[in-house]
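Let me begin by presenting the structure, written as structure tokens, before commenting on it.
In this note's numbering, the protein residues as written are 122 to 279.
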């Protein structure tokens with residue numbers, strides 16, 4: 122299970138079945154892109170999933186309506202504050218897949234990429250172990266006001 126939370130203007134992801142950790146995924150600014158990275162589609166922290174595994178995807182929002190659109194997976198589902206929409210996906214090939222928020226959710230709407238990285242089951246297990254140490258636990262209090270920090274980053278990226 123992965124829970125995607127739309128926020129102005131980035132995505133947060135929770136992995137309740139794999140250690141209950143959470144992280145934010147924000148746009149990589151144009152000046153920080155590495156060769157081969159796509160402008161307006163590259164996120165600093167991609168969603169990572171194992172191939173050949175059914176993934177339950179829960180989609181919601183914390184502020185306004187956002188739309189989780191991942192065309193290669195045939196997914197376009199609204200995230201609505203106070204509601205949870207549910208779908209599933211199964212990626213058959215390793216690789217990186219891109220999408221964006223497809224709801225006009227405010228001034229930073231075009232700066233909300235969705236970057237999904239599909240890896241082998243073994244690589245996913247290794248990533249989960251690393252992520253448990255690197256990212257915050259869902260049930261821990263926040264260390265900083267994330268929304269204000271992210272808003273500043275989005276404004277800087279524009």
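Yeah, the Cβ is synthetic: ideal placement off N, Cα and C, and Gly gets one too.
Contact set for residue i: own chain, Cβ-Cβ below 7 Å, skip 5 residues either direction
i, result
"residue 163", "149, 154, 234, 236"
"residue 191", "218, 220, 235, 237"
Rounded Cβ spacing between residue i and residue j (contact assumed at less than 8 Å)
i, j, result
"residue 130", "residue 227", "7 Å"
"residue 146", "residue 167", "7 Å"
"residue 246", "residue 211", "Contact flag wrong, Cβ pair sits at about 18 Å."
Contact check, residue i vs residue j, beta carbons under 7 Å
i, j, result
"residue 215", "residue 182", "no"
"residue 187", "residue 135", "no"
"residue 157", "residue 180", "no"
"residue 189", "residue 252", "no"
Own chain partners of residue i with C-beta closer than 6 Å, once the 5 adjacent residues on each side are dropped
i, result
"residue 177", "122, 209"
"residue 217", "238"
"residue 127", "182, 187, 200"
Alpha-carbon to alpha-carbon, residue j and residue i
i, j, result
"residue 144", "residue 257", "7 Å"
"residue 221", "residue 161", "9 Å"
"residue 250", "residue 241", "14 Å"
"residue 142", "residue 254", "9 Å"
"residue 204", "residue 139", "23 Å"
"residue 248", "residue 230", "29 Å"
"residue 151", "residue 244", "29 Å"
"residue 193", "residue 159", "16 Å"
"residue 260", "residue 169", "21 Å"
"residue 213", "residue 195", "13 Å"
"residue 202", "residue 184", "6 Å"
"residue 173", "residue 165", "25 Å"
Bridge partners - residue i, DSSP secondary structure assignment
i, result
"residue 240", "171"
"residue 204", "According to DSSP, residue 204 bridges with nothing at all."
"residue 164", "148"
"residue 222", "189"
"residue 130", "Paired residues: none, contrary to the question."
"residue 209", "177"
"residue 198", "189"
Residues of its chain near residue i, where Cβ-Cβ distance is below 8 Å and the 5 sequence neighbours each way are ignored
i, result
"residue 206", "179, 180, 181, 198, 199, 200"
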